[in-house]
Structures are given as C-alpha cells and as structure tokens.
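One structure is given here, and the rest of the page talks about it.
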C-alpha cells in the first residue's frame with residue numbers, strides 16, 4: 001500500500017503542475033484564443049513558461065511535505081504510546097478524504113457541469129497567479145499529509161515494541177528518505193522534456209542523441225498523463241484500503257472473497273492476490289462518490305437556507 005501511496009503523491013504533483021501551467025499560459029495569451037490543459041505542448045512552449053514554474057512548484061510542495069513529517073512523526077509516536085485506539089479513526093478520516101478527492105476528479109471529468117466547455121475557456125483568469133499557484137500547492141500538501149500519515153503509521157508498526165529512540169530514528173529516517181525520493185523523482189520526471197529539448201538543440205548532436213531527445217519530448221507529456229490516471233486509481237486503492245481495514249466487517253468480507261477465488265484452478269493464486277486490491281478500489285470509488293453526492297447536496301442547500 002505504501003507504494004500505491006507514492007503513486008497518488010505523484011499524481012497530485014502532476015495535477016498541480018498541469019493546473020499551474022494552464023493558468024500561466026492562459027494569462028500570457030488572454031487575447032490569443034482558447035487554450036486546453038493538455039500537457040503535450042510543443043518544444044518551445046515546454047522550454048518557456050512551464051520550465052519556469054515546474055521545479056519551484058515541486059520544491060514548494062516538497063518543503064510542505066518536510067513540514068508535514070515534522071508534525072506527523074512525533075505525533076504518530078505520541079498517539080501510538082498514549083491513545084493507540086485513535087490511530088485507526090484518524091486514518092479513516094484521511095482515507096475518506098482521498099476517496100472524496102479521487103471521486104471529485106471523476107465527477108469533473110465525466111459528469112456534466114453547469115458551465116459549458118466554451119464558458120470554461122472564457123472564464124475569468126486569476127490576476128494574481130502567485131496566489132493561484134499557492135492555493136494549488138496547499139492542496140497538494142494536504143494530500144501529502146494524509147498519504148504521509150498512512151506510510152508513517154505503517155513504518156511505526158514495523159518497530160512496535162522497540163525503544164522510543166529506535167522508533168523515532170526508524171520512522172524519521174523512512175519519512176526523510178520517502179520525501180527526498182518521491183520529490184526527487186517528480187523533479188526528474190517534470191524535467192524530462194527539458195532534457196530532451198537540450199539534446200535536440202545541441203548543434204553537434206549525434207543522430208542517437210537527437211533520437212533520445214525526441215523520444216524524451218514525446219514520452220514526457222504521455223508519462224504525466226499516465227501518472228494522472230494511475231494516481232487517481234491509487235487514491236481509491238489507498239483510501240478504500242484504509243476504510244476497509246478500519247471496518248472489520250468489510251475487511252473480513254474481502255478476505256473471504258480472496259479465499260474463495262484462491263480455490264479456482266490455474267488462476268486462483270493470481271486472483272487471490274489482486275482481489276483485495278480491486279475490491280478496496282471499488283470500495284474507495286463507492287465511498288468517494290457518496291461523499292461527493294453529500295457535499296454537493298450540502299453546498300446546494302446552504303445558499304437556499306441563507
């Protein structure tokens with residue numbers, strides 16, 4: 001599950017970069033027509049506006065992630081020692097939020113909106129792009145907080161019963177390595193297109209170097225879109241898994257389903273391995289859509305009451 005959490009983190013960073021890049025391009029070309037939010041920009045666009053904000057955005061979220069760890073590591077150890085029963089409810093709240101966030105993405109993509117596509121393209125653009133970017137970064141840091149909490153609790157479980165000093169050292173070390181690894185990887189991914197452009201622009205570049213550069217330019221935007229898809233799925237897998245593990249009835253039900261399919265000839269072992277993950281994701285989708293429906297209803301009733 002920890003690996004799935006990392007995919008969800010990657011998706012959230014990709015989403016922030018996508019939104020910031022879109023708003024920056026739109027602000028620079030208010031009179032130049034309609035722009036989409038596709039990451040597959042041409043080389044000049046990629047090397048211009050997007051390159052200016054990619055690493056600053058990643059760095060801003062990474063710093064927020066470090067602050068999250070400074071809060072979560074001592075808090076997790078203290079809660080585990082003093083009120084261990086509180087860990088599961090807190091994780092379930094975080095899991096519900098992940099499911100809600102994933103379901104919001106699905107609803108935004110597949111359900112009709114009040115504004116048409118043309119209206120969305122002509123919607124007012126924030127004049128303060130710095131404030132807009134900060135808002136997006138804060139959203140990514142919130143998601144990081146929940147996913148980091150889940151990973152830290154898993155890490156803490158591996159050293160349960162050890163001395164306080166050992167628990168603190170192990171959990172803090174894992175948290176530090178996780179943050180450096182994840183955001184270092186994200187920084188590399190978002191600069192793949194710039195690396196490809198650099199290889200293409202070298203005047204003395206060989207045919208192989210140009211081929212590699214062209215390949216990176218083609219691959220980078222597709223990789224970002226793939227991360228967005230896989231990361232959204234990961235939100236449901238992680239969030240649904242947390243909710244299921246916190247609800248004994250659902251947890252035993254899924255375990256029973258996995259045991260049943262394990263008896264099938266030939267494919268039983270494979271199905272038994274993937275069934276819990278798939279059912280966790282389904283539970284995450286259902287929980288997320290229910291939360292979106294409730295929040296939508298509340299938001300529509302609130303103005304009416306006012």
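Numbering (the UniProt record's numbering), first residue to last: 1 to 306. Quick reminder that beta carbons are idealized off the backbone N, C-alpha and C, glycines included. Here the structure is a predicted model, which means the values were calculated and not measured.
To the nearest angstrom, report how far apart residue i and residue j are at their CA atoms.
i           : j           : result
residue 258 : residue 225 : 32 Å
residue 200 : residue 193 : 11 Å
residue 321 : residue 111 : Because the chain is modelled from 1 through 306, residue 321 falls outside the range shown and cannot be assessed.
residue 299 : residue 74  : 36 Å
residue 228 : residue 139 : 15 Å
residue 255 : residue 212 : 46 Å
residue 180 : residue 137 : 17 Å
residue 115 : residue 108 : Because the pLDDT at residue 115 is just 48, under 50, the model does not fix this residue reliably, and the point stays unresolved.
residue 214 : residue 153 : 43 Å
residue 144 : residue 65  : 6 Å
residue 267 : residue 60  : 46 Å
residue 85  : residue 187 : 38 Å
residue 283 : residue 198 : 45 Å
residue 161 : residue 95  : 26 Å
residue 276 : residue 159 : 25 Å
residue 236 : residue 202 : 44 Å
residue 261 : residue 279 : 13 Å
residue 105 : residue 234 : 13 Å
residue 176 : residue 58  : 16 Å
residue 247 : residue 286 : 15 Å
residue 270 : residue 72  : 36 Å
residue 69  : residue 62  : 11 Å
residue 54  : residue 189 : 10 Å
residue 88  : residue 155 : 15 Å
residue 223 : residue 263 : 38 Å
residue 242 : residue 265 : 30 Å
residue 56  : residue 178 : 19 Å
On the three-state DSSP scale, how would you describe residue i?
i           : result
residue 299 : helix
residue 318 : The question about residue 318 has no answer here: the residues shown for the chain are numbered 1 through 306.
residue 279 : helix
residue 144 : helix
residue 74  : helix
residue 203 : coil
residue 179 : helix
residue 265 : coil
residue 247 : coil
residue 61  : helix
residue 111 : coil
residue 105 : helix
residue 191 : coil
residue 83  : coil
residue 293 : helix
Can you tell me whether residue i is buried or exposed? The criterion is at least 16 other CB atoms within 10 Å of its CB, across all chains shown.
i           : result
residue 82  : exposed
residue 232 : buried
residue 174 : buried
residue 302 : exposed
residue 148 : buried
residue 78  : exposed
residue 118 : In this prediction, residue 118 scores a pLDDT of 45, lower than 50, which makes its location untrustworthy; no coordinate-derived value is stated.
residue 294 : exposed
residue 98  : buried
residue 218 : exposed
residue 281 : buried
residue 131 : exposed
Please confirm whether any heavy atom of the ligand GDP lies closer than 7 Å to the CB of residue i.
i          : result
residue 80 : The ligand GDP is absent from the structure shown, which contains no ligand whatsoever.
(request) Evaluate the contact criterion for the segment 242-258 versus the segment 203-217: three or more CB pairs, one atom per stretch, below 8 Å. (result) no
(message) With a threshold of 8 Å, are at least 3 pairs of Cβ atoms found where one atom belongs to the segment 89-103 and the other to the segment 164-178?
(response) no
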